[in-house]
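Beneath this line is the structure, given in structure tokens, with notes to follow.
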Amino acid sequence: MPTVLEHRVRRLLATLTVMALTAGLSLVGVLAPAQAADDAPNPVVTVNPSTDIDPTVANQLVVSGTGFTGPGAANGAYVLVGEAGAWAPGTPLPGDGWVAQIHVPAAQFTAGAFTGTVPVAAGALDPTKSYVVATSAAHWLSTSDRSLDTRTPITLKQAEPEPTPEPTDPEPTPEPTDPEPTPEPTDPEPTPEPTDPEPSPEPTDPEPVVYTPAVSLFAADGTTPLSGSVELGSTVVVKGSGFDPAGNIAPAGGRPPIAAGSPAGTYVVFGKFADSWKPSAGAPSSARAVGDQRWALSQAAFDAVPTAFQASIRGQLVVVQPDGTFEATLTVKESTSGWPATGNTGVYTYGAGGVTSPTQELYAPVTVKPVYTPKVSLFAADGTTPLSGSVELGSTVVVKGSGFDPAGNIAPAGGRPPIAAGSPAGTYVVFGKFADSWKPSAGAPSSARAVGDQRWALSQAAFDAVPTAFQASIRGQLVVVQPDGTFEATLTVKESTSGWPATGNTGVYTYGAGGVTSPTQELYAPVTLAGAPVDPEVPTDPGTPEVKPAVTVTPSTALDPSVANVLTVSGTGFTGPGAANGAYVLVGETSTWPTGTALPGAGWAVQAFVPAPQFRDGAFSTQVTIPAGTLDPSKSYMVATSAAHGLSATDRSIDTRTAITVKPGTPTTPVDPEVPVDPEVPVPPVDPETPVTPENPVARGTLTWGVKESFRSYIVGPIASGTVSVADGASRAGSLFAFPQSSSDVDGTTGTAGYTGAVSFSGHSGALSLTLSNPSVRLTGASTATLVVDARGTTLDGGTFDLKAVDFAALALPASTTSDGVTTWASAPATLTAAGAEAFSGFYQAGEAIDPVTFTVGASTGVPTEPGTPGTPGEPGTEQPGVVAPFAPGVYANAAASATTVVAGGEVTFIGQGFGSGTEGIEAAIYSERQLLASGITADAAGQASATVTIPADLTPGVHTLSLESPDGVRSQVQITVEAPVVPTAAQQCVARSVSGATLSWGVKESFRTYITGPIAKGAITPSGVTSSGSSFGWSGGSGKFNSDVDQGRVSFPGSVGFSGHGGILDLTISNVRVQVNSASTGSLIADVASSDMEGTKNQQSGVTIASLNLTGTKSTTGGTVTWTGASASLTSAGASAFGGFYNAGDAMDPVTFAFPLGAEVECDVTSGANGAGALATTGADASVTTGLAAFLTLLAGVGAVALARRQRRTV
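The sequence shown runs -36 to -1, 1 to 1176 under mature numbering (1 follows the signal peptide of the UniProt record, and there is no 0).
The following block contains the structure:
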């Protein structure tokens, strides 16, 4: 069943026909409903007005017809205005010589009747000639079918005699008689009288103004002259003068939507053009790579454009004033296909609509700031000697970087502090030992990056933008990135505090800081370490005492609680595995944390985080600020330290407690780490196997959803070439998007849970955009709910929408699971509603399935605090109050997977929640029998963790459980079904035969060939590497595989056939033709299809299934050659789109004959029966959607002339 998108694409192609025929072109036909055999056509036409038409003004002729029925009406009708002798009765309709013309599609006929309006420009009609309004069958039928031919005379207002009275108006006789009494004495008066009229004609003589086009460029404010270089994405204001508002007249047969005789205006473009770019010099459109464009037209010229096309021009329109001036704003951006290697960037102007105007072909250069290309070079400690050979541990390496954008690596909303959203996050410059697969952009976990020493490369402006309270923690690592993108950093060659991993590569690495991924900045420069043997004469002293952590606090006594207190906390002895993640420094009551227990996540007055790279031989110094009014003089306080992140629950090696006293209260009792704080309230022993739950955790729910898999794939695919991004707290894991809970009033099976965040889809350079945000789930029963979202974006006709609280999808709820106050509904099937289909811009129909939704409902408000910032070991972090606490230890069915069914050995992404901000050491496993799939996973700021894992190839088929598991005992799980891979048995092992020297004979479609070379299109057919007999084309040299046992195989043929008409505006090339045999009775023709839009922009689709083949009774074998003769071919929906809508899916194409010479035995592939996969789809439905949408957006950008009409499409 065709999708809504297919319907829209077809309506678009029908609308494009009107555009083309307005200027004498015929591009797209829509078949009319079939007529009964006895419904003979009897066309009758009336024209209003038809008499006394004033040729000096523009006229709108309303043409009404009846009796337009029968086969001749299949493509609609042409309505034309021209001289009475332009078309001889009974002859094919000529393709030119008409004053004006329109096309009435068959879909606009009602019982053979129609009404259309033909615009006739002022001055287009000559009062001395005779004219008719004519009708004819449309498209190729205009050459062969005469059943709709009519001619209706029209008469013109004869205004010629009127100028004759004008000579009598001046009446030279009365003038001499009036002055007769006086003129005699005043002889000089005749002299002034001729001089008096002379000035009046003189002003009329200059009326034909000489226009001298010129342009000036200004900055975005429109007043500051443009100078220096500009950045991509900035705007330039173009002010033009001397552009004739009535110039650049469109010729007959020119480009729509400008009618012949009307001013076509001027293109105003930012782009990168070749040295020889001017249309007047014959430069092709490929010499003009357009980044952004406006269309300069006079208001009168724009008003003359047919109303149906004005909306598509309005977005580009800048008005040329009567004095020849205009003002346009352009965005400095690349062409959608990228910049050519050579050329000149700047602002260009030239005649629009195919009109050449040499005086308007102007160029104003614009220098664009260079694209940054990051590089690093390594030097010895002197900073000048290039690093070579091996280096000793403890030595220094100087790193010089270039091409690092000082304003790049922008931190996203919800990113890692202390960099604010929208600010440059900079680059980490690290000496370390990283795994082979270490890059963050490729999803490598932080455990793949063992950091020895590190610096943080930031521009000075970015550092200055960091909150003052956090600058001290960065300053020790800071290296400044200069405005030209260079920096210099000095690194110490040393091991990670937790030791080197067993495998990996030592060297200098750079990558995006603060959690920002920047693939171009992920660089590696190897460094070889010299061996460090132990001196046998100085044996290691086994009796060296273990270094224990010690802390001093200044000031530590008599703290004034009425003012803010800044404490300097210095530590030594912070070494060993417990220091791998750095340390938490906390201020709280002495009773907050019992000795020997896991660090609690709540109850602290102040907290800070010291990253491991800030330790120097186990020592550090940091400051914490206690706000005024925080301390209670009646209570006892301490400064505590603990291992950070996940180690805070399990590692007690760097725990310290240092007492502080408050003025004027009683001094606190020093804390004895061996004695419980309150002897009257004994602390129960802690089970080391069960991590202690942070006090009063707030369980925060999450909604996880992939939106729709096919939509995601299209956006990031080669056609849309777009992006998917998240913002406002949402996060992404592979194909899933996670939205943290913001509110909840759910009571059992009713109520609403709200979530925050946004996911945005953008493709075709922004012509297609959709943002879904702030989802909520409205529960209406135990098994029913509605997914509600805000939706905004750009519609296919260039409009915008911003919808709030759209009932987007109906959810079929599975049974929920509840644990520790957290309720989860996993993988609820979702079905698009009518409102959701509308918000989806009609991409899908109401009732279609979209991706399932998993949502967890936790507490309604509040987020507790947990020490520290989630961060990667060895990466900078800082204090972050208000992070999310983990759930209580337990099993939660609140994870979501990118697929519910996975083949053993296949890959799946899943995302879990409830781990707490920055929890590290999370593992991914699969059950029933636990198998570890991944480790070293770190939760994000919202406590979510994700992993992309490979299912073990030997896993038993059936239902299994994917589980993300933290060291704290939180398990977030989801069930999937694992299927066995298809493994052929010995009896199923297939062998194909190689094919070489194959031949193919196919004429494409006779009517299409006839139309291209006929009097309307006046085109040509150009084979390349293909022979032509006039009625068919011959391909040879085909190669591939064919499995004669199952009648499956594919053979590809070199060469191409090009069809070009209407002066090159209609351009279609079929190349790389493949014949796919699916069975003894079915096959398909597949090809790459290239076309050109109205601006000459090339558009190409690969692997379009053009036609389905019926092979029944066509196969024969002679020797080693298998031949199929005269196989009937029918157009697929994808083929119909590729042919620009000339034909409908199912239409017959020319028959196909092909022969496969069989060679040696070869291994089967997917096209020739491997694993039973040879029966490939032949309908081309998906390709139709893709091709149609690509064609639509290309035309929208290049011609911009179509507004999608919501009208019923007739079926044939």
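Virtual Cβ for every residue (Gly too), placed ideally from N, Cα, C.
Paired residues, beta bridge with residue i - DSSP
| i | result |
| --- | --- |
| Ala98 | Leu44 and Arg115 |
| Leu751 | Val741 and Ala773 |
| His728 | Paired residue(s): none; His728 is not in a bridge. |
| Ala421 | Thr391 and Val443 |
| Leu455 | Val361 |
| Val1041 | Gly1013 and Gly1047 |
| Tyr231 | Trp259 and Tyr314 |
| His67 | Tyr42 |
| Glu929 | Glu887 and Arg935 |
| Val533 | Val517 and Thr586 |
| Glu195 | Bridge partners of Glu195: none, in fact. |
| Asp711 | Thr714 |
Residue i versus residue j - alpha carbon distance
| i | j | result |
| --- | --- | --- |
| Gln441 | Ser411 | 21 Å |
| Asp208 | Pro979 | 35 Å |
| Asp428 | Thr391 | 16 Å |
| Thr536 | Pro513 | 6 Å |
| Ser191 | Ala328 | 12 Å |
| Ala691 | Asp615 | 35 Å |
| Ser193 | Asp448 | 13 Å |
| Val710 | Gly665 | 12 Å |
| Thr829 | Ala375 | Note that Thr829 has pLDDT 32, beneath the 50 cutoff, so the model's placement of it is unreliable and the number below is only indicative. In a straight line, the C-alpha of Thr829 is about 23 Å away from that of Ala375. |
| Leu595 | Leu563 | 21 Å |
| Pro631 | Asn529 | Any answer about Pro631 is weak, because its pLDDT of 39 lies below 50 and its placement is not dependable; what the coordinates show is given next. Cα-Cα distance, rounded: 17 Å. |
| Ala1119 | Arg1038 | 13 Å |
| Ala70 | Gly76 | 9 Å |
| Arg115 | Leu196 | 57 Å |
| Thr788 | Pro778 | 10 Å |
| Pro661 | Val201 | Interpretation of Pro661 is limited by its pLDDT of 38, a score under 50 that renders its predicted location unreliable; the figure taken from the coordinates is listed afterwards. Approximately 55 Å between the Cα atoms of the pair. |
| Asn212 | Trp62 | 20 Å |
| Ile118 | Ala216 | 20 Å |
| Gly36 | Arg1014 | 40 Å |
| Ala944 | Asp918 | 9 Å |
| Val650 | Thr561 | Bear in mind that the predicted position of Val650 carries a pLDDT of just 33, short of 50, making it unreliable; the figure below should be weighed with that in mind. Going by the C-alpha atoms only, they are around 6 Å apart. |
| Thr687 | Ser482 | 15 Å |
| Arg973 | Ser1072 | 20 Å |
| Glu812 | Pro853 | 39 Å |
| Val11 | Thr79 | 10 Å |
| Ser996 | Arg258 | 44 Å |
Whole-angstrom C-beta distance between residue j and residue i, which should lie under 8 Å
| i | j | result |
| --- | --- | --- |
| Ser321 | Ala265 | Not confirmed; about 14 Å, so no contact. |
| Ser598 | Gly542 | Going by Cβ atoms, the distance from Ser598 to Gly542 rounds to 34 Å, so no, they are not a contact pair. |
| Lys627 | Leu523 | 6 Å |
| Leu455 | Thr360 | 7 Å |
| Phe234 | Thr295 | 7 Å |
| Gly567 | Thr556 | 5 Å |
| Pro370 | Val445 | 5 Å |
| Ser960 | Pro1121 | 7 Å |
| Pro409 | Ala613 | Contact doesn't hold; Cβ gap of about 19 Å is too wide. |
Decide if the segment 331 to 346 is in contact with the segment 312 to 320; the criterion is three or more beta carbon pairs, one per stretch, under 8 Å apart. The segment 331 to 346 vs the segment 312 to 320: no contact.
Complete runs of the beta strand (DSSP E) confined to the segment 598 to 627 [at least 3 residues]: For the segment 598 to 627, the full-length beta strand (DSSP E) segments reaching 3 residues or more read 601 to 607 and 620 to 624 along the chain.
Counting pairs of Cβ atoms below 8 Å between the segment 726 to 734 and the segment 691 to 711, do you hit three or more? Counting C-beta pairs with one atom in each stretch, the segment 726 to 734 and the segment 691 to 711 have fewer than three that are closer than 8 Å, which means they do not touch.
Check whether the segment 1010 to 1021 touches the segment 1064 to 1071, taking contact to mean three or more Cβ pairs, one atom from each stretch, closer than 8 Å. With the cut-off at 8 Å, the segment 1010 to 1021 and the segment 1064 to 1071 do not touch.
Can you list, in chain order, the stretches of the beta strand (DSSP E) that have 3 or more residues and sit fully within the segment 279 to 318? Within the segment 279 to 318, the runs of beta strand (DSSP E) that reach at least 3 residues and sit entirely inside it are, in chain order, 281 to 284, 290 to 295 and 308 to 315.
For the segment 37 to 50 and the segment 231 to 249, state whether three or more C-beta atom pairs, one from each stretch, are separated by less than 8 Å. Remark: fewer than three beta-carbon pairs, one from each stretch, lie closer than 8 Å, so the segment 37 to 50 and the segment 231 to 249 are not flagged as touching.
Using 8 Å as the cut-off, can you tell me whether the segment 766 to 776 makes contact with the segment 732 to 752, which would need three or more C-beta pairs spanning the two stretches below that distance? Flag = yes, the segment 766 to 776 and the segment 732 to 752 touch.
Does the contact criterion of 3 or more C-beta pairs under 8 Å hold for the segment 856 to 874 versus the segment 934 to 942? Yes, the segment 856 to 874 is in contact with the segment 934 to 942.
Contact the segment 353 to 367 vs the segment 456 to 463: 3+ CB pairs below 8 Å: The segment 353 to 367 vs the segment 456 to 463: in contact.
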